[in-house]
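K.L.:
Note that our numbering numbers the sequence shown so that position 329 is 329, with each residue one more than the last.
Can you keep this structure in mind? I'll have questions shortly.
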Amino acid sequence: MARKSKFKKAEEITLNENGRNSPINTVKIIIPGSTEPMIIQLGKHETIHDIKQAILERSDCYFRTCISVHSEKGNKIDELTNVESLIGDSDILTLRIVDRPYTFKDIVIHLYRFNETINSHCLNSHGGQNMSASLVSELVSGFEDIRPGSQTSGELLPCHNKIYDFPLGEYYINRADKRESKFLKSFSLSFHNPPTGSRKLKGHLLYANLVTSEDQFYGITCTSDGFYINSSTVGNFSPNIGNLDQRFGTIDALVFSVSPIYRKKFKDFFKMISERHPYELMPCQKQINSWLGSKSAQSEDIFRTLDAFANATSIDDVSISQPRDWNDELQTVRSMTVSNESERTERYRYMHKILVDMAESATRGAVYAVDGKLSPINDSDDERYKLYLWNNMFICIACDTRDHYKEFGGESASHVAASLDIKGIEYLSSLGVNDFHFLGTTVVDYRGYRLVVQSVLPGIFNRSPTQSIEYGSMDHGRTVFADERFVDGLKQISSNLEVSMCKYLDSLGAEHELYTSIETKGIVGTDGRKYLLDLFRIFPPDPTFMPNEAKLYKEDCSSIVQAREVAAQKGFQFSSNYPHRLSCFRPEFFKLLLKIHKVNEQEKIAQQSGDPDIEVKSKVSETIRSKFFAYFNNDCYDLKIARPKTEEESLKKSRDSVRLAAAYLVSEYIPMYLESTLDGPGDYIFDHQSLTDSLHSMGINIRYIGYIAHLLKTAPNGRFLYKVALMEMVCRSAKRMFRSTLSRSNSSDISVMVSHFLNCFIGSHLAPKFNLPPASKFSKSKKTCSTYKIKWEKLTPSTFWKFLTEDVKNCYGYSINTTSFDEFQSDFDVKPAAALRSFCQMVGLQILIKDYEFGSKKIPTFSPEDVVDLLPVVKPFKSPIPDDINQKLANIKNYEASLNGSSFIKLQEDLHHLITFFNHVYGPLTYENAICHSCVAQIYNSGGDHRQAFIFQYKATVLYERILGIDHYLTVIAYNNLATYCKNIGNLVSAVNLFNRARYLVGVCFGHKHPVIHEINRNLLALYFDLGQSQLALSYGLSIINYIQEISPKNVKGLAEIHQVMGAVHFNNSEFRLAYNEEKKAFGYLSQLLTDKDHPTIRSCRNLMELYLKNAVSHGKISKNKIPSISHSNEEELEAGAS
């Protein structure tokens, strides 16, 4: 599309690997029918395929899908050819576009593109397929006319300006002037397809029917030469050419010629999208669905129908052609030789593309398996054990198949092992392990099931049943294999990870030496590669949650202080009934432990050498640093595995190592994290995602959330974070119950079950009722893979909260003595909308967008009609990012420390390198790209170039919206930053809209009593005052005062500031008596803060009071004999009046 770029004055960063400007290739494209050639600029990595995509974005070429690219001499160029290879001595590359005849596939692609366009005409904020929503263009008004001082450009949105109320009905922003009607009444394929043999010989490929907005019916014949209107009528089919004896190159041109309404609306459509940034229109690699949605009317769409039938019969575009060999693609890319930066970039690009495609296909296959669209390859087995083969990937349900996880906790262990396996793969991949290979793995949670999707191991169908593996054990130690091909390579890996060699005895008494957990399996595929599987025990175990730790601690006679003892000293007791035994430290904390061990070893060497010049600094406390050692055996708590007696001391040593680590985590690391969080970035923790990301980034597992809540309960500034921690525990326990009840429900009962579950969880009705559809003869109780055997039909709010509080106690060790959500809300001030949002996002539930009657005891809050959809929650295997790129990304996040001299130049080079790398490897719509754009914006803002800061922050905000979601906490931060830059350039209206949007989202996610809302209220108070909205300004000022008096009553400085601003608002409205009263209160607070009565602030306040009084007298607001004298003699009177 030919877009009028609103960012044409912004500097686009396109740099090479070394940080210097990369060569920009100018390409001139000659398009048939266009009066002027198309000029574009491309980097050296761009291909002919990218040029074709750029051509399709032009409004006059949008439907030219059947073209080829030729050189200036007329030679056809392959789509994968790099532009760099075509550049000669000339500075400009000239290419020609040639229309080629349609094939059947070309016609299908063309019609699909046309159908998608006419069905996505409104580009509404709800998004579409691969079009995650973006709302920032609705909030930023008057973009083209933004100039310093243009305060009134655009319009103030009426929504989001409520002080204490955050209705869910305002979640989306839909302007009345943005609504569009349909381009056409209908467009479909004819029922007379496919053409007969004789008509194929005439070039006929497909037939279509069209009804325009003018109620005119047209039959269309699609041929290899183009499109024409045939002689068909509503009741008669005739594919021959009709009265309009003309052929068209595109179907769009045909419709243009017969429908004036279509012609007008299509021009308006392109005008609207030309005003948007390209980031708002690009398809996303991953669809981000909101937890709130609408039930749109079911429209006729023959293409959607064909897709559904193709998927049901498993003959979609993937399986018609040769299925992709995902494993071969992954391992081939991993084995690519890398000798320079360019080859490394290409390797990561291919790897990312394969993993994204695989995750998309795996998600679709998992959904098909649960929906019954795939046939299992073992149909006679139990429902839980069925295995599916889809596009060269195995799909299975994560459950305790044949008691494989019986020793670790059964079904609960099988559920968590799937996600731990992905973490193990990611961690070993990040180490650059080249000797071993890993299967592409994706975990999908859908409709109560956890499905594991893996690429097919080469030769898995031809393996001998007597020895299915070459390393590890398949039966928990009864038979053990230790092939030298695996032992030699794993020996070096275990040395780097400080994992000790382990000796095991099989059922025959034979001894085997392994360098990983016995559950890690090694298989040699028929391709000769060595594969590692079941990596869920890569990380050291966490003794705090091991049920046999108390017994082993006594037997070991250990002198190490246990984490449980540390917690008990602080009044907290960890759960002794944790549901599984696979608890381990997170990779981030594991890396920290390895660093501590390395520091200790260096200090020992320094002490032994006696070298006074050797100084080792560590952030770890002296107590832990002096005692900690890394000696890990990940099976050290598994006593049912047979081992030689000589291993007992080694096992004790391993257990002491993890005990020290756990004690450090509980005694110092978590309190240190809370202290730094409450004093710094903790302000932006207001929902489950922000809390989870914050904890995981520091290597703290969520299972410690009960202990964290216990510490926050008595922390001076931990009130808001304590509420988030409570909500996290409750919603996670509700998620486990939901998974169990959902997997036991029949398909026809799901909407009823979900609405009843929500009523028991969040509703206030004491006995919500539901109506089940008539029982089918095929209805029966399903077996579930969950340990929570709950029948949802028997649930009531009281029984629900009984189960929930027990689960919170068992998993997190925290006691929540409540019997209903109303009681929970009353005790902890958790808002129902916030809990509903967190729960829906955890389980993939989408509910109807409307204002729900929370707290209603007369009717249930939710009905089956409120359940819109259940969406899959995907955990893919992510492509690792190079260490140097990660380090540079970490550096720019802390850019404020690098804004001087040579450090600033280094920061610029890092930004250039990062943006080039991320654009080429991952594409523009990436989270890392958003971080870079946001950093560039802050640098421009620090340098005083507020317009450039706004432009880059606008792009960063769009990226955050579309990659993470329109209500993600990082999107809220982006809204806040963009509002600040809008204020700096003088667009106060857009600043107000953005601040209100950020405030609304925090209010929905948490409530109005959050520090972020307090800071936003301060900004809105000033902005509404500048815009002359005095009533709104005073309302926000009053809410700020109420917040300070409740949360921080000793903050007299903040109170004085707000009273002074409110006094100015009253003065501006000629309410001089009220202005005087506000300034008088400010004077009283300042007098408490400043002991010097001649302080400039005191004098300024006294002068303002005198000014307000004089104006009050002149306007007759108060009588002269009641005017107090503003002097030192009655300052005490003023202070008393203020108090």
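The C-beta atom is built at its ideal place from N, Cα and C for all residues, glycine as well.
Kindly list the residues whose CB is nearer than 6 Å to the CB of residue 797, restricted to its own chain and excluding five residues on each side of it in sequence; keep chain order.
P.N.:
Within the sequence shown, numbered from 1, the residue matching residue 797 stands at position 797. Taken in chain order, the residues that qualify are 760, 820.
K.L.:
Would you mind reading off the limits of the alpha helix (DSSP H) that contains residue 432?
P.N.:
Numbered from its first residue, the sequence shown carries residue 432 at position 432. It is not in any alpha helix (DSSP H) - residue 432 carries neither H nor E in the DSSP assignment.
K.L.:
Residue 503 and residue 647: beta carbons closer than 7 Å?
P.N.:
For the purposes of this step, residue 503 is taken as residue 503 along the sequence shown, with counting starting at 1. For the purposes of this step, residue 647 is taken as residue 647 along the sequence shown, with counting starting at 1. Going by C-beta atoms, residue 503 is nearer than 7 Å to residue 647.
K.L.:
Exposed or buried, residue 306, counting other C-beta atoms within 10 Å across all chains shown (16 or more means buried)?
P.N.:
On the sequence shown, residue 306 is found 306 positions in, with the first residue counted as 1. Result: exposed.
K.L.:
Just verifying my parser: in three-state terms, what is the DSSP assignment at residue 605?
P.N.:
Here residue 605 is taken as the residue at index 605 of the sequence shown, counted from 1. In the structure shown, residue 605 sits in a helix (DSSP, three-state: H, G or I).
K.L.:
Is it right to say residue 557 is buried, meaning 16 or more other beta carbons lie within 10 angstroms of its own, or is it exposed?
P.N.:
The residue you call residue 557 lines up with position 557 of the sequence shown. So residue 557 ends up on the exposed side.
K.L.:
Given that a residue counts as buried once 16 or more other Cβ atoms are within 10 Å of its Cβ, and exposed if not, what is residue 379?
P.N.:
By 1-based counting over the sequence shown, the position of residue 379 is 379. By the 10 Å Cβ count, residue 379 comes out exposed.
K.L.:
Does the count of Cβ pairs from the region 477-490 and the region 578-592 closer than 8 Å reach three?
P.N.:
Cβ pair count under 8 Å is below three, so no.
K.L.:
Considering only C-alpha positions, which residue in the set 593, 908, 337, 354 is nearest to residue 329?
P.N.:
Locating residue 329 in the sequence shown gives position 329, counting from the first residue. Checked all of 593, 908, 337, 354; the closest Cα to residue 329 is 354.
K.L.:
Just mark residue 332 as buried or exposed, buried being the case when its beta carbon has 16 or more other beta carbons within 10 Å.
P.N.:
Within the sequence shown, numbered from 1, the residue matching residue 332 stands at position 332. Label assigned to residue 332: exposed.
K.L.:
Between which two residues does the beta strand (DSSP E) containing residue 522 stretch?
P.N.:
The residue labelled residue 522 in the question sits at position 522 within the sequence shown. Here the beta strand (DSSP E) through residue 522 covers 521-524.
K.L.:
So does the region 648-664 actually touch the region 555-574, counting three or more Cβ pairs closer than 8 Å?
P.N.:
With a cut-off of 8 Å, the region 555-574 and the region 648-664 count as touching, because enough Cβ pairs lie within range.
K.L.:
Need the endpoints of the beta strand (DSSP E) that residue 25 sits in, please.
P.N.:
Indexing the sequence shown from 1 puts residue 25 at position 25. Per DSSP, residue 25 belongs to the beta strand (DSSP E) from 25-30.
K.L.:
If the criterion is Cβ atoms closer than 7 Å, does the pair residue 758 and residue 862 meet it?
P.N.:
Translated into positions along the sequence shown, residue 758 becomes position 758. Translated into positions along the sequence shown, residue 862 becomes position 862. The answer is yes: Cβ separation under 7 Å.
K.L.:
Taking Cβ to Cβ, would you say residue 1079 is nearer than 7 Å to residue 1104?
P.N.:
As a working note, residue 1079 is residue 1079 in the sequence shown. As a working note, residue 1104 is residue 1104 in the sequence shown. For residue 1079 and residue 1104, yes; Cβs fall inside 7 Å.
K.L.:
Between the region 547-557 and the region 501-521, can you find at least three pairs of beta-carbon atoms closer than 8 Å?
P.N.:
Result no; under three Cβ-Cβ pairs closer than 8 Å.
K.L.:
Mind checking residue 216: buried by the 16 CB within 10 Å criterion, or exposed?
P.N.:
Against the sequence shown, residue 216 aligns to sequence position 216. When all chains shown are included, residue 216 counts as exposed.
K.L.:
To the nearest angstrom, how far is the alpha carbon of residue 206 from that of residue 100?
P.N.:
As a working mapping, residue 206 is identified with position 206 in the sequence shown. As a working mapping, residue 100 is identified with position 100 in the sequence shown. Near 17 Å, if we compare the C-alpha coordinates of residue 100 and residue 206.
K.L.:
In terms of alpha-carbon separation, which member of 642, 471, 548, 425 lies closest to residue 539?
P.N.:
Translated into positions along the sequence shown, residue 539 becomes position 539. Nearest of 642, 471, 548, 425 to residue 539, Cα basis: 425.
K.L.:
What span of residues does the alpha helix (DSSP H) with residue 1141 cover, start to end?
P.N.:
Here the chain comprises residues numbered 1 to 1139, so residue 1141 is not present and cannot be evaluated.
K.L.:
Does the structure place the region 1062-1081 close enough to the region 1024-1035 that three or more beta carbon pairs sit under 8 Å?
P.N.:
Yes, the region 1024-1035 is in contact with the region 1062-1081.
K.L.:
Any contact of the region 718-729 with the region 693-710, i.e. 3+ C-beta pairs under 8 Å?
P.N.:
The region 718-729, when compared against the region 693-710, does touch it at the 8 Å Cβ threshold.
K.L.:
Roughly how far, in whole angstroms, is the beta-carbon of residue 187 from the beta-carbon of residue 266, given that I think they are within contact range, below 8 Å?
P.N.:
Sequence index remark: in the sequence shown, residue 187 carries index 187 (1-based). Sequence index remark: in the sequence shown, residue 266 carries index 266 (1-based). Actually they are not in contact, since the Cβ atoms of residue 187 and residue 266 sit about 13 Å apart, beyond 8 Å.
K.L.:
For residue 387, tell me which candidate among 1007, 656, 1094, 366 has the shortest Cα-Cα distance.
P.N.:
Taking the first residue of the sequence shown as position 1, residue 387 is located at position 387. When each option's Cα is compared against that of residue 387, the closest is 366.
K.L.:
Going by the beta-carbon positions, is the gap between residue 969 and residue 676 smaller than 7 Å?
P.N.:
Taking the first residue of the sequence shown as 1, we reach residue 969 at position 969. Taking the first residue of the sequence shown as 1, we reach residue 676 at position 676. Not closer than 7 Å, so no.
K.L.:
Quick one: what's residue 390 bridged to in DSSP?
P.N.:
Working through the sequence shown from its first residue, we reach residue 390 at position 390. DSSP output for residue 390 lists 393 as bridge partner(s).
K.L.:
Which residues in the same chain as residue 621 place their Cβ atom closer than 6 Å to its Cβ, once the five residues preceding and following it in sequence are excluded?
P.N.:
What you label residue 621 is simply residue 621 of the sequence shown in a count that begins at 1. With a pLDDT of only 49 at residue 621, under the threshold of 50, the placement of this residue in the model should not be trusted; the figure read from the coordinates follows. Cβ within range, chain order: 668.
K.L.:
Quick check on residue 954: does DSSP put it in helix, strand or coil?
P.N.:
Numbered from 1 along the sequence shown, position 954 holds the residue referred to as residue 954. Residue state, collapsed to three classes: helix.
K.L.:
With a threshold of 6 Å on Cβ separation, who are the neighbours of residue 396 within its own chain once the five nearest residues in sequence on each side are excluded?
P.N.:
Here the question's residue 396 lines up with position 396 in the sequence shown. So the list reads 387, 452, once near-sequence residues are dropped.
K.L.:
Which ranges would you report for the alpha helix (DSSP H) in the region 509-570 if only whole runs of at least 4 residues count?
P.N.:
Runs of the alpha helix (DSSP H) inside the region 509-570: 549-556, 563-569.
K.L.:
Which term fits residue 495, buried or exposed, when burial requires 16 or more other beta carbons within 10 angstroms of its beta carbon?
P.N.:
Here the question's residue 495 lines up with position 495 in the sequence shown. Per the 10 Å Cβ criterion, exposed.
K.L.:
Under DSSP, the alpha helix (DSSP H) around residue 932 begins and ends at which residues?
P.N.:
Reading the sequence shown from its first residue, position 932 is the one you call residue 932. Note, residue 932: alpha helix (DSSP H), 927-942.
K.L.:
Report the residue from 636, 345, 940, 226 whose alpha carbon sits nearest the alpha carbon of residue 543.
P.N.:
Your numbering for residue 543 matches position 543 in the sequence shown. Nearest of 636, 345, 940, 226 to residue 543, Cα basis: 636.
K.L.:
Under the three-state reduction of DSSP, which class applies to residue 708: helix, strand or coil?
P.N.:
Taking the sequence shown and counting its residues from 1, the one referred to as residue 708 is at position 708. Here residue 708 sits in helix by DSSP.
K.L.:
Rounded to the nearest angstrom, what separates residue 498 and residue 652 at their Cα positions?
P.N.:
Taking the sequence shown and counting its residues from 1, the one referred to as residue 498 is at position 498. Taking the sequence shown and counting its residues from 1, the one referred to as residue 652 is at position 652. Looking at the two C-alpha atoms, the distance is approximately 16 Å.
K.L.:
Quick one: what's got a C-beta closer than 7 Å to residue 60's C-beta in the same chain, skipping five residues either side?
P.N.:
Walking along the sequence shown from the start, residue 60 turns up at place 60. Closer than 7 Å at Cβ, skipping near neighbours: 34.
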